[in-house]
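In terms of UniProt numbering, the sequence shown opens at residue 1 and continues consecutively.
Positions of the beta carbon are idealized from the N, C-alpha and C atoms, including for glycine.
A quick note: this is a predicted structure, and the numbers were derived from the prediction, not measured.
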Amino acid sequence: MPKDQNASLSVSRRDVVFNGKIWDVVSETFDYQGQKLVREFVAHPGAVAVIALNEQQEILLIKQYRHPVREYLWEVPAGLLDMPGESRLEAAKRELLEETGYIANDWQELIEFHTTPGGNDETISIFLAKDLRLQGHDFELEGEEVDLEVRWVPLADALSSVMQSQMRSPSAGYGIMALAHQLGVSIND
Numbered sequence: 001m002p003k004d005q006n007a008s009l010s011v012s013r014r015d016v017v018f019n020g021k022i023w024d025v026v027s028e029t030f031d032y033q034g035q036k037l038v039r040e041f042v043a044h045p046g047a048v049a050v051i052a053l054n055e056q057q058e059i060l061l062i063k064q065y066r067h068p069v070r071e072y073l074w075e076v077p078a079g080l081l082d083m084p085g086e087s088r089l090e091a092a093k094r095e096l097l098e099e100t101g102y103i104a105n106d107w108q109e110l111i112e113f114h115t116t117p118g119g120n121d122e123t124i125s126i127f128l129a130k131d132l133r134l135q136g137h138d139f140e141l142e143g144e145e146v147d148l149e150v151r152w153v154p155l156a157d158a159l160s161s162v163m164q165s166q167m168r169s170p171s172a173g174y175g176i177m178a179l180a181h182q183l184g185v186s187i188n189d
């Protein structure tokens, strides 16, 4: 079975080309098989996403505006690893509560992936959350989160939407396909 491998190449120079609010653009010079190569990429703090599953095999989706693609996307709750000292699991719990008002008693790691390994170093860890309860929250959402729509959707329907390119969020796609595989769920026609 193919398996990605870590590599420790010597980086001789690293410059921040652009310092952003959430991520930076960096330029690195590194040695690769006797050559000095220069690559620019987005240096990202990483993120987490949550597939929240209820007893009816429905998953919790959110619809959120994403400006770079000028679309409202159906996604799973997700967010940045931007709180110092916070574990990936703690970040996933925080994001589920912040974006949906739900908390979960049962958590497990589902899958992890690199979003765009040729252009950034972001890795997203997706967690499965079960045994959910609506708690609500007492803070106001900001920016593109102010009009989030939250909806329970049958897992088979969400899988069908991903496979027909109707739902194109990579976190949702990866997480939905991983969970469907784990549970033996197939596409509804």
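- With a threshold of 16 other beta carbon atoms within 10 Å, tyrosine 102 meets it and is buried.
- The C-alpha of isoleucine 126 lies about 6 Å from the C-alpha of glutamate 109.
- A Cβ-Cβ distance of about 13 Å is found for the pair glutamate 95 and glycine 46, leaving them out of contact under the 8 Å criterion.
- Contact check for phenylalanine 18 and valine 25: beta-carbon distance about 4 Å, within the 8 Å limit, so the pair qualifies.
- Pairing valine 76 with serine 171 gives a Cβ-Cβ distance under 7 Å.
- Within a 10 Å sphere around the beta-carbon of lysine 93 sit 16 or more other beta-carbons, which makes this residue buried.
- The distance from the Cβ of leucine 155 to that of leucine 179 is about 7 Å, consistent with a contact at the 8 Å cut-off.
- Separation of glutamine 135 and isoleucine 22 (C-alpha to C-alpha, rounded to the nearest whole angstrom) is 29 Å.
- Spatial neighbours of leucine 97 in its own chain (CB-CB distance under 8 Å, excluding positions within 5 residues in sequence) are listed in chain order as Ile103, Gln135, His137.
- Taking the Cβ atoms as the reference, leucine 81 lies roughly 27 Å from valine 38, outside the contact range of under 8 Å.
- Where glutamine 35 is concerned, the enclosing beta strand (DSSP E) starts and stops at 35-43.
- Comparing C-alpha distances from asparagine 120 to each of Ile51, Ser27, Asn6, Ala7 shows the shortest one belongs to Ser27.
- Measuring C-alpha to C-alpha distances from leucine 61 to each of His67, Ala78, Glu40, Phe30 identifies Ala78 as the nearest.
- Rounded to whole angstroms, the separation of the alpha carbons of arginine 168 and glycine 175 is 12 Å.
- DSSP, reduced to helix, strand and coil, places lysine 93 within a helical segment of the structure shown.
- Excluding five sequence positions before and after arginine 13, the CB atoms of its chain that fall closer than 6 Å to its own CB belong to Thr29, given in chain order.
- The Cβ atoms of valine 50 and alanine 158 do not sit closer than 7 Å to each other.
- Setting aside the 5 residues that flank it on each side, glutamate 58 is surrounded in the same chain by Trp152, Val153, Pro154, Leu155, each with a C-beta closer than 8 Å to its C-beta; the list follows chain order.
- Counting only the Cα atoms, glycine 143 lies some 14 Å from proline 68.
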